[in-house]
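What follows is one structure encoded as structure tokens, with my remarks underneath.
Here's what the structure looks like:
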């Protein structure tokens, strides 16, 4: 985006991430990690692309030379394999998550330019309803931080309250409410408060396409949205999009609304062109962004990829723990909570409609599949019926009831697989070339479907952890630690808390007294974590509550700032925190499709008429601010520093222009 802006306007203006708003702790950790590594990840993608192009050229030169130079041949092969393993192309081998696994040599020569958090992290505010205030509680800095004014705001509300798939969604317009079960009403009220107090020049809003459906009373949520934003000085352009038309391998119909502030907008020039003309150009440019999509199967990781095997092991351990806990409760005579078996009648009727006998054993190819064995009885019963109904399909969502199971479709023109809409708690079963290769789609793959470069980002995150561990332990110890699956205090406590009969106090005592804690992260960080975990409030709890609190203490983004003990915990968090596949699935299901957002913003940048640095201000408010800026630049004796009033953003811009003209 920054490069496009520079090419378009010939300036070095850049977009800067100023803040985010999120209440979930794990998602706060994700946002903080993305903020640290966004630039490095994009640079990695660009370098890999260049290396791939260079590798192709070298391969052609190598073939022309008939392979006479052995040294040159070895070098070409090395460059080619390295670039293809992390290029992010659509082939299965290129999508491997094991690109550049840490080696002992890599540990000894850790990347020196990784951002280790020395720069001040951006604020992550906890509550959208506080965004109209001067300050709000920040999860990063663990205090109330001032809310900055921004030029561009990208925002969306929860889809639950407006989705057609939600059978319990409100019958009346949710945007008329103060609160709603899915949170859409709260987010919208927070947005309106922000527009009242510190209105951005441009807002990009996203939600499901059902937002324009009429509710009780004859008005739609879209009508309410446009009326409320119009009363605050914004004109809007509504765009219906489908992520599949923007090159993504999945369907995702969403409505985006581009809001442009027409009152006192110091960034845009409405004299040279009308806003309606800008919106017309915006739509025409957006049409040029449409492109064909790749096949959904091209983004699947290999069945033997380390990430796939690791997730399988995690799910197997979880199922084993659940079975052990159930057996223990049965022996002790405790009441057993069993899931509702209401699905049985549905499955029987579904099987009858296919002329299949319900209750028959699954096919042998499924019975021997380890991924199939970790499914619940309902999911195991559903899958064979869905396969029998549409045997040609390679993707099926088994998280819904059998009549609402989303599945892939096939593009008749290209023959490629089109994945269904990515949902937060989706369980997408994918059919591999071999029965043993069939499995559940990973969260990182779901992020790829949404256009997020999850694989190079996770690789960048892994290198940051390696770099931090090198600083703490030295190269050899860091390599050993990085090579050990499930290492570190977080993994140890997670493993303990998932065992049957877990006693939190005893686990804490063992963990706090462990010498491996200090040797693994350093004495200062170890002491800090001991103090955090040994709080009285933590020791007073038992069972799942205590286990969950341990996890929150170790992964809380609120500790990821400051110096001294806080900095130690921040470094420990950066060195050990890894997003789970379930978190990445949730993120993918709730996220806006990244290429669609980028296309909309790029087209808006090109279509809108921006004020030139020399454009004269025309409103009385602007003139008053201009006179104030000129007075501040006069040769009068400046006021003492402690009594001088701070310039407003507009005064600062005008002062800078005047200085440049001089």
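In this note's numbering, the protein residues as written are 3 to 664. Backbone N, C-alpha and C fix where the C-beta goes; we use that ideal spot for every residue, glycine too. Predicted model only: the values in this text are computed from it and were never measured.
Inter-residue Cα distance where the pair is residue i and residue j
{"i": "residue 278", "j": "residue 236", "result": "13 Å"}
{"i": "residue 453", "j": "residue 215", "result": "28 Å"}
{"i": "residue 217", "j": "residue 175", "result": "6 Å"}
{"i": "residue 268", "j": "residue 153", "result": "10 Å"}
{"i": "residue 254", "j": "residue 330", "result": "44 Å"}
{"i": "residue 421", "j": "residue 336", "result": "43 Å"}
{"i": "residue 142", "j": "residue 408", "result": "38 Å"}
{"i": "residue 419", "j": "residue 440", "result": "16 Å"}
{"i": "residue 614", "j": "residue 21", "result": "27 Å"}
{"i": "residue 136", "j": "residue 18", "result": "20 Å"}
{"i": "residue 220", "j": "residue 160", "result": "22 Å"}
{"i": "residue 232", "j": "residue 226", "result": "10 Å"}
{"i": "residue 352", "j": "residue 432", "result": "21 Å"}
{"i": "residue 258", "j": "residue 182", "result": "21 Å"}
{"i": "residue 606", "j": "residue 264", "result": "15 Å"}
{"i": "residue 365", "j": "residue 139", "result": "54 Å"}
{"i": "residue 212", "j": "residue 256", "result": "9 Å"}
{"i": "residue 23", "j": "residue 414", "result": "42 Å"}
{"i": "residue 116", "j": "residue 31", "result": "Caution applies to residue 116, whose pLDDT of 33 falls short of 50 and renders its modelled position unreliable; the model cannot decide the point."}
{"i": "residue 397", "j": "residue 430", "result": "6 Å"}
{"i": "residue 348", "j": "residue 406", "result": "11 Å"}
{"i": "residue 332", "j": "residue 322", "result": "15 Å"}
{"i": "residue 122", "j": "residue 39", "result": "14 Å"}
{"i": "residue 380", "j": "residue 356", "result": "18 Å"}
{"i": "residue 16", "j": "residue 455", "result": "21 Å"}
{"i": "residue 451", "j": "residue 334", "result": "46 Å"}
{"i": "residue 512", "j": "residue 29", "result": "With a pLDDT of only 47 at residue 512, under 50, the local geometry of the prediction cannot be trusted, and the value read off the model is given with reservation. So the alpha carbons of these two residues sit roughly 29 Å apart."}
{"i": "residue 248", "j": "residue 400", "result": "27 Å"}
{"i": "residue 288", "j": "residue 203", "result": "20 Å"}
{"i": "residue 391", "j": "residue 358", "result": "10 Å"}
{"i": "residue 312", "j": "residue 394", "result": "29 Å"}
{"i": "residue 579", "j": "residue 467", "result": "9 Å"}
{"i": "residue 403", "j": "residue 25", "result": "30 Å"}
Identity of the residues DSSP links to residue i by a beta bridge
{"i": "residue 157", "result": "207"}
{"i": "residue 145", "result": "140"}
{"i": "residue 127", "result": "23, 140"}
{"i": "residue 238", "result": "261"}
{"i": "residue 704", "result": "Here the chain covers residues 3 to 664 and nothing more, so residue 704 does not appear."}
{"i": "residue 441", "result": "432"}
{"i": "residue 216", "result": "222"}
{"i": "residue 411", "result": "420"}
{"i": "residue 612", "result": "270"}
Contact under 8 Å by Cβ, residue i with residue j
{"i": "residue 410", "j": "residue 298", "result": "yes"}
{"i": "residue 590", "j": "residue 449", "result": "yes"}
{"i": "residue 192", "j": "residue 130", "result": "yes"}
{"i": "residue 284", "j": "residue 239", "result": "yes"}
{"i": "residue 195", "j": "residue 134", "result": "yes"}
{"i": "residue 53", "j": "residue 280", "result": "no"}
{"i": "residue 425", "j": "residue 373", "result": "no"}
{"i": "residue 209", "j": "residue 179", "result": "no"}
{"i": "residue 666", "j": "residue 317", "result": "The structure shown does not extend to residue 666, since the chain is modelled only from 3 through 664, so no value can be given for it."}
{"i": "residue 207", "j": "residue 261", "result": "yes"}
{"i": "residue 611", "j": "residue 270", "result": "yes"}
{"i": "residue 124", "j": "residue 37", "result": "yes"}
{"i": "residue 309", "j": "residue 301", "result": "no"}
The alpha helix (DSSP H) enclosing residue i, as first and last residue numbers
{"i": "residue 230", "result": "223-232"}
{"i": "residue 599", "result": "596-609"}
{"i": "residue 423", "result": "Note, residue 423: premise wrong, no alpha helix (DSSP H); not H, not E."}
{"i": "residue 399", "result": "Looking at the DSSP string, residue 399 is not in any alpha helix (DSSP H); the run it does join, the beta strand (DSSP E), is 397-399."}
{"i": "residue 373", "result": "372-375"}
{"i": "residue 394", "result": "Note, residue 394: premise wrong, no alpha helix (DSSP H); not H, not E."}
{"i": "residue 355", "result": "345-355"}
{"i": "residue 175", "result": "Taken as a continuous stretch (DSSP letters only), residue 175 belongs to no alpha helix (DSSP H), as it is neither H nor E."}
{"i": "residue 587", "result": "583-592"}
{"i": "residue 367", "result": "366-369"}
{"i": "residue 272", "result": "Unbroken run through residue 272: none, as it is neither H nor E."}
{"i": "residue 313", "result": "308-333"}
Residue i at chain D interface by Cβ criterion, 8 Å
{"i": "residue 57", "result": "Given the protein chain composition of this structure (a single chain), no chain D is represented."}
Terminal residues of the beta strand (DSSP E) in which residue i lies
{"i": "residue 430", "result": "430-432"}
Check your understanding: Contact between the region 137-150 and the region 166-176: three or more CB pairs below 8 Å?
Key -> no
Practice item. Please confirm if the region 244-251 is in contact with the region 191-207, defined as three or more CB-CB distances below 8 Å between the two stretches. Key: Contact between the region 244-251 and the region 191-207 is not established, with fewer than three Cβ pairs separated by less than 8 Å.
Check your understanding: Does the pairing of the region 434-445 with the region 578-586 give three or more beta-carbon distances under 8 Å?
Key -> yes
Check your understanding: Is it a yes or a no for the region 456-464 touching the region 591-609, going by three-plus beta-carbon pairs under 8 Å?
Key -> no
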